[in-house]
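Chemist: Please read through the structure below; I'll follow up with questions.
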DNA sequence: GTTGACTGACTAATATGTTAGTGATTGAAT
DNA sequence: ATTCAATCACTAACATATTAGTCAGTCAAC
């Protein structure tokens, strides 16, 4: 029996659209030996001089457990430094190194150029619409949204049919 | 030195907006013991009766190497069956089981309900705008987009500063 | 009938996502 | 001074993402 839901899969559309955008930037990023996440972090650090891990988590949308590994690798690569804060031994300060600063100064302009190319192709209106709609969705976050009532939990693992 | 790029990080905005949507569906999906990816696959199978792995990859935006593992686990859980095609031994047919059919019949309506709730909260216009803009971006895929020229590759791993 | 390009699923290795939980540290209330 | 909840980075365990490559099966050309 075929089951077709009334709504198209919206998160999946986001996934596809995001990939369609990202595929134009990925070659640039990997050309410099970085991963997407590492570039997000360097881009953020390029605007803030020093940041704490949890700030980077929020800004770059990377969960804390992933962040630990990413920062460790970036530290090994000489792209960042980590230093415990004097006043609060729980907290950590992350900074760029001269090496990553140089890297960003080369990579950044290429990213901007690619944006311009995409803007030409998509049309500036579409880019503008994108920013607007994204901001609206993100703003909607503030208004609490109800959740459907869930039925009692079954253990589907042990149901044969 | 602070470096601020001329364009906001658009793929990152997609990531955030997608997460803002998904967080309203995730609890429903995990309540039934599924992952996001598993649900995407079941939803697709619910509309197609039988699919080949590479079709599922395209439809659900999951890369082939991930698909192997996901399908293996779903087969173990009794959610799908895999069968080699008679005519072409390379190809495989994936189908739902009575168990997963029952699961989708319970889960599907809850997802639809949650969409309605979100539509109320976001406003129907925003949902409509979302579908429109996403489709535009995805449609833009067809027009080939140029790539910025990349400088000669350096090995940033071994540069000190 | 062999060859050779191609296809489709799969494997391998590494990085990240996701959920739950730990342990040290802090700060407010006792 | 002590207790207690909260905070923050981190660990653990598993699932998925990403890139590259393997391997058997197919199909067309020779």
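Chains as they are written, first to last, in the working numbering: chain C, 11 to 171; chain Y, 11 to 171. Even glycine gets a Cβ: it sits at the ideal position worked out from N, Cα and C. Keep in mind that this is a model prediction, so the values were computed, not measured.
1) Does residue 91 (chain C) come out as helix, strand or coil in the three-state DSSP assignment?
2) Runs of 4 residues minimum, wholly inside the region 22–50 of chain C: which ones carry the alpha helix (DSSP H) assignment?
3) What does DSSP give as the partner residue(s) for residue 104 (chain Y) in the beta ladder?
4) Counting Cβ pairs closer than 8 Å, one from the region 106–124 of chain C and one from the region 46–65 of chain C, do we hit at least three?
5) When you compare the region 132–148 of chain Y with the region 17–34 of chain C, are there three or more beta-carbon pairs, one atom per stretch, that lie closer than 8 Å?
6) Hey, residue 127 (chain Y) and residue 155 (chain C) are a contact pair by Cβ (cut 8 Å); roughly how many whole angstroms apart?
7) With 8 Å set as the bound, which would you pick, yes or no: does the beta-carbon of residue 21 (chain Y) sit closer than that to a beta-carbon of chain C?
8) Quick one: measure Cβ to Cβ for residue 38 (chain C) and residue 158 (chain Y), integer angstroms, because I've assumed they're closer than 8 Å.
9) Would you mind giving the Cβ-Cβ distance between residue 56 (chain Y) and residue 12 (chain C), rounded to the nearest angstrom? I have them listed as a contact below 8 Å.
10) Between the beta-carbon of residue 122 (chain C) and the beta-carbon of residue 17 (chain Y), is there less than 8 Å?
11) Buried or exposed for residue 28 (chain Y), going by 16 or more other Cβ atoms inside 10 Å?
12) From the beta carbon of residue 151 (chain C), is the nearest beta carbon of chain Y less than 8 Å away?
13) Please say whether residue 104 (chain Y) and residue 60 (chain Y) have beta carbons closer to each other than 8 Å?
14) Below 7 Å, is the gap between the Cβ of residue 51 (chain Y) and the nearest heavy atom of the ligand MN?
15) Using the Cβ count rule (16 or more neighbours within 10 Å means buried), how would you classify residue 141 (chain C)?
16) When you compare each of C:63, C:87, C:112 and C:144 to residue 95 (chain C) by their alpha carbons, which one comes out closest?
17) Check whether the Cβ of residue 38 (chain Y) lies closer than 8 Å to any Cβ atom in chain C.
18) Closer than 6 Å by C-beta to residue 70 (chain Y): which residues in its own chain qualify, once you throw out the five before and the five after it? Chain order, please.
19) Residue 89 (chain C) and residue 112 (chain C): beta carbons closer than 8 Å?
20) Skipping 5 residues on each side, what residues in its chain have a beta carbon closer than 8 Å to that of residue 107 (chain C)?
Modeler: A quick look at the data gives this:
1) strand
2) 36–41
3) Y:61 and Y:92
4) yes
5) yes
6) 6 Å
7) yes
8) 7 Å
9) 7 Å
10) yes
11) buried
12) yes
13) yes
14) Only the bare structure without any ligand can be found here, which leaves the ligand MN out of the picture.
15) exposed
16) C:63
17) yes
18) 50, 51 and 54
19) no
20) 88, 89, 90 and 91
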